[in-house]
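*Asks:*
In my numbering, the protein residues as written are 133 to 285.
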């Protein structure tokens, strides 16, 4: 077993900044989205994924994988959204054992209503404080991190 190397001061500062900053950003965005629209960040992410999918539908497993949700967490999430009329569940046409979530017109309308305010908040709390180079670096770092974490399973 290899020895665990401690983080140096710069690495530790970066790690804490990522954790603290992302936690505060997510919390602030979720709070504002809920207050303005009644949607949670999880609701919003599901709606975005479905709105971008062919025929506005995705297999449940695909949604869980992309959102890094356990199957039970996604089932709970989709059930809550289904009760509000934002999505509906139906069997997969090519595999009756699986099911898909489908974006409803009500869900699409909720997403369209929420998007402008949410993106304004993203700009206010993140994008406006970065110059173009910093934005590109941030995108590059987190894209690489996301790929590494997905590959690690």
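For each residue, glycine too, the CB sits at the ideal point set by N, CA and C. All values derive from a computational prediction rather than experimental measurement.
1. Classify residue 275: buried if its beta carbon has 16 or more other beta carbons within 10 angstroms, exposed otherwise.
2. Please confirm whether residue 265 has its beta-carbon closer than 7 Å to some beta-carbon of chain B.
3. At the level of alpha carbons, what is the spacing between residue 256 and residue 212?
4. Under 8 Å Cβ to Cβ from residue 202, same chain only, skipping five residues before and after it: list those, please.
5. Using the three-state DSSP reduction, which class does residue 227 fall into: helix, strand or coil?
6. For my contact list, residue 173 and residue 165 are in at a C-beta cut-off of 8 Å; report their separation, rounded to the angstrom.
7. Taking the alpha carbon of residue 340 as the reference point, which residue from 230, 240, 160, 145 has its own alpha carbon closest?
8. Run through the region 219-275 for me and flag every whole beta strand (DSSP E) of 3 or more residues, listed as ranges in chain order.
9. Along the beta strand (DSSP E) that carries residue 191, what are the first and last residues, could you check?
*Replies:* Looking at the atomic coordinates:
1. exposed
2. Chain labels in this structure do not include chain B; a single protein chain is all it has.
3. 29 Å
4. 196
5. strand
6. 6 Å
7. Residue 340 cannot be examined here, being either before or after the span of the chain that is shown, 133 to 285.
8. 219-224, 227-235
9. 189-191
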